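Numbering (my numbering), first residue to last: 26 to 392.
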Amino acid sequence: MALPPISNSVPSAPDSARAGNGSRPASNGRSPSFAFIGWNPFQFRQILGVARQLENSCLVIEKRADHIFHFDESILTESGRPVVIWSRKRVDRLDGLFDVIVCQTPFSQMETISRSKIAMMQYGYAKEEHNYGQWRSAAGLCLAYGDYAARKLSPLCPVEVTGNPIMDAWYTGEFHQAARARYGALLDPTKKTVLYAPTWGDLSTMDLYLDEVKSLASDFNVLLKLHHNTDMLDKPKRKGARSGVALSFGANDSLLDLFSISDIVLSDYSGAIFDALNCEKPVILLHSETTLRFGEKMGPGSLEYASRHRIGPVIEEHGILRKTVQEVFAGTLDFTQENRALTSELYLQGPGATQRAAAALMDFALR
26 MALPPISNSV PSAPDSARAG NGSRPASNGR SPSFAFIGWN PFQFRQILGV ARQLENSCLV
86 IEKRADHIFH FDESILTESG RPVVIWSRKR VDRLDGLFDV IVCQTPFSQM ETISRSKIAM
146 MQYGYAKEEH NYGQWRSAAG LCLAYGDYAA RKLSPLCPVE VTGNPIMDAW YTGEFHQAAR
206 ARYGALLDPT KKTVLYAPTW GDLSTMDLYL DEVKSLASDF NVLLKLHHNT DMLDKPKRKG
266 ARSGVALSFG ANDSLLDLFS ISDIVLSDYS GAIFDALNCE KPVILLHSET TLRFGEKMGP
326 GSLEYASRHR IGPVIEEHGI LRKTVQEVFA GTLDFTQENR ALTSELYLQG PGATQRAAAA
386 LMDFALR
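Encoded structure:
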């Protein structure tokens, strides 16, 4: 794909001459400017809708190794906003150029930013030791999916609950029609569809369960959605995981699209669990020696472990996955009520999250 040039000089801020949708003039008559910074496709899929709402915004891709070459071009063009590829060694030079720098995870040289405001957007649940870590205290505002996250974040920084912007598409018929048009021909319409979405690194149980998941293909459509970090950072594991899987997806593919065409989701300790529940998809958890995995990212109080019996069946041994999937489809194992209660705690539900997030960022910029 054709990429924007890698920049080492300070870019021009987005055009501030107009004050259209999503722009309100500050006291100096200039509309606030926003830089949405990240390094992988997953992060930019999360914020594209919000960036569209803020006229004076751009996307800043922090160049880490050669990961930029993994981006699908559509991710860089869908927002209609300028895209800058920026050296991670020079992020400090963005300070003051934009009114607000918006991130989802820590970015390089974040500690040097003092003239621009820093806003953060929640990017998912799970891995609480990291998700609600001290790094959040650098934010002047954090946008949260719901009350649960707000309670966790509020000791660290100001919080506003907006819901999950990427979910807005879920509430439109056009979104589901498009997902079916994109992927429907790949599926056997006589079979239910199983989506396997494991996490990455030491918390992933993919090495233990992948063969058993693959074996489900005799009775079901089986989709593998690799975690974006596995896809971009671990080439040997990516290659091995995709071997023998007819339908595999990676960092550029929309998890929401895959939820739309799937009937059930298998995972381990991934934040995808909670997005699946928010989409009203049943979930089966594939665990193994969980307490030995506690550490910097996950502990006994982390949501994906502490709430496991509100999420779905928990498998901790081989040989019972097929039977468990069949029992969920038959309704013998039904966590619907537990799932609804849990998601109501985690998410401000319904459409409008994109507009709420954009309005909150604009208000923050104008303070």
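Idealized CB from N, CA, C, for every residue including glycine.
All values derive from a computational prediction rather than experimental measurement.
Taking the Cα positions, Ser-179 is about 16 Å away from Tyr-150. Judged by their CB atoms, Leu-291 and Val-350 are nearer to each other than the 9 Å cut-off.
Boundaries for Met-146: no alpha helix (DSSP H) harbours it, while the beta strand (DSSP E) harbouring it runs 142-146, taken from the DSSP string.
Ranking Val-75, Ile-100 and Ser-369 by CA distance to the CA of Ala-276 puts Ile-100 first.
By the Cβ criterion, the stretch 114-121 is in contact with the stretch 131-141, since at least three pairs of Cβ atoms, one from each stretch, lie closer than 8 Å. DSSP, reduced to helix, strand and coil, places Tyr-221 within a strand of the structure shown. When Cβ pairs closer than 8 Å are counted between the two stretches, the stretch 174-189 is seen not to touch the stretch 238-258, the count staying below three. Residue pairing by DSSP places Glu-87 opposite Trp-111 in a beta bridge.
Rounded to the nearest whole angstrom, the C-alpha separation of Arg-335 and Gly-105 is 40 Å.
DSSP links Asn-246 through a beta bridge to Thr-218. When secondary structure is reduced to three states using DSSP, Gly-63 falls in the strand class. Beta bridge pairing from DSSP links Ile-289 with Val-219. Check the Cα spacing between Tyr-173 and each of Leu-371, Asp-124 and Gly-375: the tightest is with Leu-371. The beta carbons of Gly-377 and Glu-153 sit about 27 Å from each other, so the pair does not count as a contact at 8 Å. Three or more pairs of CB atoms, one per stretch, sit closer than 8 Å, so the stretch 220-230 contacts the stretch 245-255.
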